[in-house]
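Working notes, structure below.
Numbering (the working numbering), first residue to last: 152 to 273.
Quick look at the structure:
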């Protein structure tokens, strides 16, 4: 059974690029365009990993990460932030919100897959 990844980003272009990369690497990818939809999918789908943008309408990425970590059934799901915001303060805030790492947009496909494999395996 393939590992499941929840990709959360309000930019459809990100989904068009990232979903095929992850799918080709053998992962099952579920997509959400906002924090509310992502929380619903996380609770119902129980992904192995969540890849999350910071700036989104409604629930912002860091707040969503904190909400996810507050649920007993979701708290152990690894979160990677994939965002253009890459200052030291931004990355520190992401890690403090509960993320395991940060990737900067646009992401190198090889770097994305390597990072995902390190965190959840193949």
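Each residue gets a CB set at the ideal place from its N, CA and C atoms; glycine is no exception.
#1: If contacts are defined as beta-carbon pairs under 8 Å, then residue 157 and residue 193 qualify, I think. What distance do you get, rounded to the angstrom?
#2: Pairs of beta-carbons, one from the stretch 217 to 235 and one from the stretch 244 to 261, closer than 8 Å: are there three or more?
#3: Does residue 237 have its Cβ less than 8 Å from a Cβ in chain C?
#4: Indicate the three-state DSSP secondary structure (helix, strand or coil) for residue 269 in the structure shown.
#5: Residue 159 and residue 201 look like a contact to me (Cβ under 8 Å); what is the Cβ gap, rounded to whole Å?
#6: Rounding to the nearest angstrom, what Cα-Cα distance links residue 196 and residue 170 in this structure?
#7: From the DSSP output, in three-state form, read off residue 183 for me.
Reading off the structure:
#1: 6 Å
#2: Enough Cβ pairs lie closer than 8 Å, so yes.
#3: Absent from the structure: chain C. Only one protein chain is present.
#4: helix
#5: 6 Å
#6: 17 Å
#7: strand
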